[in-house]
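J.: Okay, so the sequence shown: first residue is 2 according to our numbering, each after it adds one. Ideal Cβ positions, reconstructed from N, Cα and C, are used throughout, including at glycine. Predicted model only: the values in this text are computed from it and were never measured. Submitted below is the structure of interest, expressed as structure tokens.
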Amino acid sequence: MPTLIISEKPSASEKIAEALADGKVEKINKNGSYYFKITRDKKEIFIVPAVGHLFGLALKSKKAVCPDFNVEWKPTWKIAKINEYAKKYYDNLEETAKKCDEFIVATDWDIEGDVIAKNILRFLCGKEDAKRMKFSTLTKQELNDAYDNALKNMDAGQVQAGLTRHYLDFYYGINISRILTSSIKKFGKVFSIVSIGRVQGPMLNFLAEREKEIKAFTPVPFWQILLNYNIQGGSFEAMYEKKQIWEEETADKVLSECKNKTGSIKEIKKTKKIKEPPAPFNLTTLQTEAYNLFSYSPKQTMDIAQSLYTSAYISYPRTSSQQLPSQLNLKSIIAKLSKQNIYKPLCEKLLSKSKVEPKEGKKSDPAHPAIHPTGETPKKLSAPESKLYDLITRRFLSCFAEPALRESMSIIIDINNNIFRSSGSRTLESNWIEFYGPFAKFQEKTFPDIKEKEKIQIESIQKLDKETAPPSRYSQGSILKELEERVIGTKATRAGILQTLYDRGYIRDKSIEVTEFGVNLIEVLSDSCKSIISEELTRDFEKQMEKINKGKESMEKTLEKAEGLVSEIVNEMKNNEEKIGTKLSKAVIEKRENESTFGTCPNCKTGILKIFYSPRTKKRFVGCTSYPNCKTGFPIPLKGKLQKTDKVCDKCKTPIIYVYRQGMRPFKMCLDPKCETKAEWGKKKAKAKAETEEDKETERIIKEEILSSEKPKSKKPKAKKQVKTKK
Ligand SMILES: [Zn+2]
Ligand SMILES: [Zn+2]
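Written out as structure tokens, the structure is:
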């Protein structure tokens, strides 16, 4: 009988088939799904894809008991309509498995890959265990090695840890969401599903604490003195030695002392510094760098990296490692990369060295090496894929290059015994900086060949009014590092959890701001049951799962503990149900109001701009509440969540709104589609183009609405009948 290889995704199954086949690869189509049939050493092998998880947890009973821990694994396509596409892959695996007697797991080598495979094995193949292929790249050579040296069993610890995580998250998610939702319904008479997960709670709490600090911050004024001067024909800036002058009189005194005086160079300090090349990327550093350079959200970077991995262009991205072990045959990867013209000169430089040794970071990962290119030349990449690929490849090559030498220079200027400082820096020997190319961000600020005692010409001296700033908000780049240090979530889950907080409207904007609703939710939780938002508790569970992974702790014991804790939380919440329900329902209503109103109408200045739904087409648009006296109306994107910002457009005074759309970074825009601020980005991108299409469509609807209201059939049209607010 043939052997069945289980792969995680369709794209990976094709790579595996191509790599392992002795001869041709046959693709067998089956009701929209497919598998690959190959022979290897005269053995017939079927490579069958899953589409990620084919099973998920669900409650056994539909009765609303809370807490409820009576759960079972169910096919995902039976759990939610949105997963129906998975049924054909499920059926395909189930049928193909009947024809096979040997099974090999070739899903991604990590906890989730193991859970996916374990469930397929036990529920669709009737097996508890199977051989396991272990690989970090989908290249032909590595897949062949992984097949030839397949492990006899799955990693039992990793499987148990993975299953435990699913149970834990489900126990928390379902029970806490139920009690929150029911308390709102009971005491606020509104329906809204409010949920907070095991890791989302601590993550949101942590962000809300920063939000509180920012809100509570009182700025203190201070002054700075800026000197603009000219030396040898060039203009430069210098700051007064005290960066923060707390009394204005002191600043004025300095100004008057410098008035009509001449200045000269008192001292020049030069220091040379060796800059080591950066360590190769792990997932967190890649996400942070891609956010800083390209503004990709961590989730976006994860998705792009995943697709580069499944095309066999880079190694497995969900890794903590910053190390490149020598078994990787690094020299041959560099040699392969040299086939790409842009990397050729860089690779040749490295290959001409006697030793090819990478600079590595401290973090390691037993499962995978640092993210690195495989050497395969990419065929067709989308623009974001190609940017990320270039970043990963240049980072990889940089690791092998020599350290760079930088010089920084500090110039001390004396004007009537007042000291000012100018500083600059430059690269003396670029080395790895050249390899990292456009991604190396170093300031190059140089001075002419200045000597001490040389005179400067003062161009201006100004007093700058400043004030102390509150602690800064986290960006999607800086938050990851902080979460990693606090052990909130895991490398593989953080980006997704952050995205969920956005999707649920708990946080917003690029520099992360916790919404009023998010703050309310955290307040309610910390008043009524602190343990949901406790960092320690989540950290504790992470540790427990690591123990399970190592075979030092059992799933049963951990779940028993979790059941106890969730029961405690639920009981505590039940005791506070009225308080929770009253406060949260108020927050829900406020949130809805926030999501449907955008501020004062720029035309009549009395009405409020608000979302209305066309009674005929059911499509939404923004209109003025003073209708029919004011006929202001704007088309809005038909999809995605909108939120007011309390800001108006600089150009046309129309309110600015936030737009949240799935798979996109939230952005701000002026409500008026004809505004000049929008004209620019309307042209630029395909993404924005799709939006203009949508805008056109909504514009048409609005025009029709307004036109039909201008020619009323009856003489006194009732505004309320023309436009209806969503309930
Ligand atoms: Zn108006
Ligand atoms: Zn505008």
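Under the three-state reduction of DSSP, which class applies to C671: helix, strand or coil?
T.: Here the question's residue 671 lines up with position 670 in the sequence shown. Strand, per DSSP.
J.: To the nearest angstrom, how far is the alpha carbon of L205 from that of V160?
T.: Looking up residue 205 in the sequence shown gives position 204. Looking up residue 160 in the sequence shown gives position 159. The alpha-carbon atoms of L205 and V160 are separated by roughly 29 angstroms.
J.: What residues match up with E27 in a beta bridge as DSSP calls it?
T.: Locating residue 27 in the sequence shown gives position 26, counting from the first residue. The partner list for E27 (beta bridge, DSSP) reads K38.
J.: Hey, would you say the C-beta of T646 is under 7 angstroms away from at least one heavy atom of ligand 1?
T.: Looking up residue 646 in the sequence shown gives position 645. It does not: the Cβ of T646 is nowhere closer than 7 angstroms to a heavy atom of ligand 1.
J.: Does the beta-carbon of E342, which I'm using as the reference point, lie nearer than 7 angstroms to any heavy atom of ligand 1?
T.: Taking the first residue of the sequence shown as position 1, residue 342 is located at position 341. In the sequence as displayed, the identity of residue 342 is Asn instead of Glu. Incorrect: N342 has no Cβ contact closer than 7 angstroms to ligand 1.
J.: Between L1 and Y35, what straight-line distance do the alpha-carbon atoms span, to the nearest angstrom?
T.: What the structure shows of the chain is the stretch from 2 to 728, and residue 1 is not part of that stretch, so it cannot be assessed.
J.: Measuring straight from C-alpha to C-alpha, what distance separates T559 and E9?
T.: One-based indexing of the sequence shown puts residue 559 at position 558. One-based indexing of the sequence shown puts residue 9 at position 8. T559 and E9: Cα-Cα distance of roughly 28 angstroms.
J.: May I have the straight-line CA-CA distance separating E557 from K580, to the nearest angstrom?
T.: Residue numbering aside, residue 557 sits at position 556 when the sequence shown is read from its first letter. Residue numbering aside, residue 580 sits at position 579 when the sequence shown is read from its first letter. Spanning the two alpha carbons is a distance of roughly 35 angstroms.
J.: By how many angstroms is the C-alpha of K544 removed from the C-alpha of I197?
T.: Against the sequence shown, residue 197 aligns to sequence position 196. Against the sequence shown, residue 544 aligns to sequence position 543. Whole-angstrom Cα-Cα distance: 21 angstroms.
J.: Going by DSSP in three states, M155 sits in which element: helix, strand or coil?
T.: Looking up residue 155 in the sequence shown gives position 154. M155 falls in the coil class under three-state DSSP.
J.: Given the structure, does S586 come close to ligand 1, in the sense that its CB is under 7 angstroms from one of the ligand's heavy atoms?
T.: In the sequence shown, the residue the question calls residue 586 occupies position 585. Not under cutoff, so the answer is no.
J.: Please state the DSSP three-state secondary structure of L566.
T.: Along the sequence shown, one-based indexing puts residue 566 at 565. Helix at L566.
J.: Taking I513 as the reference, which of N71, F104, P472, L60 has the closest Cα?
T.: In the sequence shown, the residue the question calls residue 513 occupies position 512. Answer by Cα proximity: P472.
J.: Using alpha carbons as the reference points, say which of G565, E386, A368 lies closest to I112.
T.: Here the question's residue 112 lines up with position 111 in the sequence shown. Of G565, E386, A368, the residue nearest in Cα terms is A368.
J.: Please tell me whether A306 and L287 are closer than 8 angstroms, where the distance is taken between their beta carbons.
T.: Residue mapping note: residue 306 aligns to position 305 of the sequence shown, counting from 1. Residue mapping note: residue 287 aligns to position 286 of the sequence shown, counting from 1. A contact, by the Cβ cut-off of 8 angstroms.
J.: Going by beta carbon distance, what residues of the same chain come within less than 6 angstroms of E705, once the five residues before and after it are set aside?
T.: If you number the sequence shown from 1, residue 705 lands on position 704. Bear in mind that a pLDDT of 45 at E705, under 50, signals an unreliable position, so the model cannot answer this.
J.: Decide if E677 is buried, meaning its Cβ has at least 16 other Cβ atoms within 10 Å, or exposed.
T.: Here the question's residue 677 lines up with position 676 in the sequence shown. Looking at its Cβ environment, which holds fewer than 16 other Cβ atoms inside 10 Å, E677 is exposed.
J.: Can you have a look at P616 and say buried or exposed, based on whether 16 or more other CB atoms are within 10 angstroms of its CB?
T.: Start at 1 with the first residue of the sequence shown, and residue 616 comes out as number 615. Its Cβ having fewer than 16 others within 10 Å, P616 is exposed.
J.: Whole angstroms are fine: how far does the CA of T378 sit from the CA of K340?
T.: Sequence index remark: in the sequence shown, residue 340 carries index 339 (1-based). Sequence index remark: in the sequence shown, residue 378 carries index 377 (1-based). Their backbone Cα atoms lie some 8 angstroms apart in a straight line.
J.: Between the alpha carbons of L284 and Y507, how many angstroms are there, rounded?
T.: Looking up residue 284 in the sequence shown gives position 283. Looking up residue 507 in the sequence shown gives position 506. Between L284 and Y507, the C-alpha separation is close to 25 angstroms.
J.: Could you give the DSSP three-state label for Q288: helix, strand or coil?
T.: Against the sequence shown, residue 288 aligns to sequence position 287. Q288 falls in the helix class under three-state DSSP.
J.: Let me confirm a value: A13 is counted as buried when at least 16 other C-beta atoms fall within 10 Å, else exposed. Which label applies?
T.: Reading the sequence shown from its first residue, position 12 is the one you call residue 13. The residue is buried, with at least 16 neighbouring Cβ atoms inside 10 Å.
J.: Going by CA-CA distance only, name the one from L481, K654, I462 that's closest to Q225.
T.: Translated into positions along the sequence shown, residue 225 becomes position 224. Measuring from the Cα of Q225, the nearest candidate turns out to be I462.
J.: Quick one: what's got a C-beta closer than 7 angstroms to L125's C-beta in the same chain, skipping five residues either side?
T.: Stepping through the sequence shown from its first residue, residue 125 is reached at position 124. Result list for L125: L94, E95, A98, in chain order.
J.: According to the neighbour-count rule (16 or more other Cβ atoms, all chains shown, within 10 Å of its Cβ), is L465 buried or exposed?
T.: Taking the first residue of the sequence shown as 1, we reach residue 465 at position 464. Exposed is the call here.
J.: Taking a cut-off of 7 angstroms, which residues have a beta-carbon closer than that to any heavy atom of ligand 1, in chain order?
T.: Taken from the N-terminal end onward, the list reads C602, N604, C605, T607, G608, C625, S627, C631, T633.
J.: Alpha carbon to alpha carbon, what distance is there between G478 and D304?
T.: The sequence position of residue 304 within the sequence shown is 303, counting from 1. The sequence position of residue 478 within the sequence shown is 477, counting from 1. So the alpha carbons of these two residues sit roughly 16 angstroms apart.
J.: Quick check: F622 and L672, are their CB atoms within less than 8 angstroms of each other?
T.: Indexing the sequence shown from 1 puts residue 622 at position 621. Indexing the sequence shown from 1 puts residue 672 at position 671. Not in contact: F622 and L672 (Cβ atoms no closer than 8 angstroms).
J.: Just how far apart, CA to CA, sit R509 and G189?
T.: Walking along the sequence shown from the start, residue 509 turns up at place 508. Walking along the sequence shown from the start, residue 189 turns up at place 188. When rounded, the distance between both Cα atoms is 25 angstroms.
J.: Let me make sure I understand the geometry here. Which of L325, I637, L55 has the alpha-carbon closest to that of L122?
T.: For the purposes of this step, residue 122 is identified with residue 121 of the sequence shown, where counting begins at 1. It is L55.
J.: Tell me where the beta strand (DSSP E) around Q301 begins and ends.
T.: Here the question's residue 301 lines up with position 300 in the sequence shown. Not the beta strand (DSSP E): Q301 falls in the alpha helix (DSSP H), residues 299-311.
J.: Enumerate, from N- to C-terminal direction, the unbroken beta strand (DSSP E) stretches of 3 or more residues contained entirely within the region 225-296.
T.: You should have 235-241, 264-276.
J.: What alpha helix (DSSP H) runs, 4 residues minimum, are completely inside the region 322-403?
T.: List check, alpha helix (DSSP H) in window: 331-338, 345-352, 384-399.
J.: Taking CB distances under 8 angstroms as the criterion, tell me whether E517 reaches chain C.
T.: Considering every chain present, this structure includes no chain C. It has just one protein chain.
J.: Within 10 angstroms of its Cβ, does W74 collect 16 or more other Cβ (buried), or is it exposed?
T.: Along the sequence shown, one-based indexing puts residue 74 at 73. Buried: at least 16 other Cβ atoms inside 10 Å.
J.: Out of curiosity, what's the CA-to-CA distance linking K267 and E258?
T.: Locating residue 267 in the sequence shown gives position 266, counting from the first residue. Locating residue 258 in the sequence shown gives position 257, counting from the first residue. One C-alpha to the other measures close to 17 angstroms.
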